[in-house]
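Trainee: Structure incoming, see below.
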Amino acid sequence: ITSHVGFSSLPNQVRRKSVKEGFQLTVMVVGESGLGKSTLINTLFNSPVCAPRAAERPRTVAIENIEADIEENGVRLRLNVVDTPGFGDFVNNEDSWNPIIQNIEQRFEAYLSQENQIRRTRMHDTRVHACIYFIQPTGQSLKEIDIELMRRLHDRVNLIPVIAKADTMSQDDVADFKERILSDLEFNGIQIFQAPVYEDDDEESIAEADAVSRAIPFAVVGSTRVVRTASGRLVRGRAYPWGFVEVDNPEHCDFVLLRQMLVRTNLEELRAYTNQFLYERWRSVTLLARGV
Ligand code: GDP
Ligand code: MG
């Protein structure tokens, strides 16, 4: 079972830089209730960082911040996960959206106040570097509710749309749904994170970046349950009468690609784009509004 997150396979240069600065990545999950957000976080970090909804446990009702220090082959990483309550339960959805937007902006604010200190020692960066947006596996057009919320998010965070519970759709339907989502997003002027492919990279890196970029919106399946396949392999997956959907098998879903994008392929770009573009835009608008 692949349980490691992949940090130790970061290119040396990136790793050295990240270790020196104290590697840190903040990921937020957003989407309607019950789409598997908390489960995916558990799967991503392969530890029960946030307990999935259990019968006795009320579902996520407030924004939860989970920090997990992970060490792999001597590389220490601080993973910061922001789990948000699902919306769609409220009569007025603004009530569930506003706290999410506020949370993102408070993190910008905290960074700004550190920048304004006369002696800037080590900056503590808690800004959201990636926002995983869960889309219900309907196969239909994007819902108005999702378009509305993504509109409020896309200029504040790197938006990474995913098809939730992709094990409930056939692979053909997933492929069609991906195209539909992308064209709906484009039609509505919603910008998602573009995973760049650098043509001057080595062949392997180009192939990796290309695979990530082409898989968006990732079709994800979450599960921390370990099951034994017919051939006796132990895999993380979900059982069906006809077999298993394996979480870590790239032929079954895009979970591995999503993880790879976050912690390896596009790690530095997610951080850099947040700092140089998303944060800067928020900062100039905010300071202007304050008359600074
Ligand atoms: P959240 O409200 O978005 O945080 O959703 P949860 O993670 O609490 O999951 C809601 C329910 O969906 C639970 O019963 C999970 O076991 C189930 N679930 C989570 N991920 C998946 C998935 O990828 N596929 C399927 N079929 N079910 C899932
Ligand atoms: Mg939850």
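Under full-length UniProt numbering, the residues of the sequence shown are numbered 18 to 309, in order. Ideal Cβ positions, reconstructed from N, Cα and C, are used throughout, including at glycine.
1. As a quick exercise: from I162, V273, T43, pick the residue whose alpha carbon is nearest that of G103.
2. Using a 10 Å radius around the Cβ and a threshold of 16 neighbouring Cβ atoms, would you call L61 buried or exposed?
3. Quick one: complete alpha helix (DSSP H) runs, 4+ long, within the segment 259-286?
4. By alpha-carbon positions, which one of T246, I58, V237, T143 ends up nearest to D184?
5. Would you say the beta carbon of K160 is closer than 6 Å to some non-hydrogen atom of ligand 1?
6. Can you give me the start and stop residues for the alpha helix (DSSP H) that I209 sits inside?
7. Based on the DSSP output, what are the partners of V46 in its beta bridges?
8. Is V238 a contact residue of ligand 1, with contact defined as CB to any heavy atom under 6 Å?
9. Sort T138, F40, P154, Y128 by Cα distance to G51 and report the nearest one.
10. Of the residues A127, S301, P234, which one's Cα is nearest the Cα of C270?
11. Buried or exposed for R245, going by 16 or more other Cβ atoms inside 10 Å?
12. Once you ignore the five residues that flank T101 on each side, which residues in its own chain have a CB closer than 6 Å to its CB?
13. Have a look at H146, V145, Q131 and flag the residue whose alpha-carbon is nearest the alpha-carbon of R139.
14. Under a CB-based cut-off of 7 Å, is L251 close to chain D?
15. Taking L251 as the reference, give the member of P258, W259, N266 with the closest Cα.
16. State the DSSP-derived secondary structure class of E220, mapped to helix, strand or coil.
17. Closest to V174 by CA distance: which of R276, K54, L287 is it?
18. Tell me the start and end of each unbroken alpha helix (DSSP H) in the segment 105-145 that is at least 4 residues and wholly inside, in chain order.
19. Just verifying my parser: in three-state terms, what is the DSSP assignment at residue 9?
20. Return the bridge partner residues of A306 from the DSSP annotation.
21. Per DSSP, Y257 forms a beta bridge with which residues?
22. List the whole-angstrom C-beta distance separating R168 from T291, where the pair is believed to meet the contact cut-off of C-beta under 8 Å.
23. Give the DSSP-derived three-state secondary structure of I83 in the structure shown.
24. Could you give the C-beta distance for T43 and H171, rounded to a whole number, given that I count them as a contact under 8 Å?
Mentor: The short version:
1. I162
2. buried
3. 272-277
4. That would be V237, whose Cα lies nearest to the Cα of D184.
5. no
6. Taken as a continuous stretch (DSSP letters only), I209 belongs to no alpha helix (DSSP H), as it is neither H nor E.
7. D100, I149
8. yes
9. Comparing Cα-Cα distances from G51 to each of T138, F40, P154, Y128, the minimum goes to P154.
10. P234
11. Exposed is the call here.
12. Excluding sequence neighbours, T101 sits near V47, I80, I117.
13. Q131
14. The structure shown contains no chain D; it holds only a single protein chain.
15. N266
16. Secondary structure of E220 (DSSP, three-state): helix.
17. L287
18. If we require 4 residues or more, the alpha helix (DSSP H) runs fully inside the segment 105-145 come out as 111-132.
19. The requested residue 9 does not occur in the structure, where the chain is confined to residues 18 to 309.
20. Bridge partners of A306: none, in fact.
21. Under DSSP, Y257 forms a beta bridge with G260.
22. Not confirmed; about 19 Å, so no contact.
23. strand
24. With 8 Å as the limit, T43 and H171 do not qualify as a contact, their Cβ atoms being about 17 Å apart.
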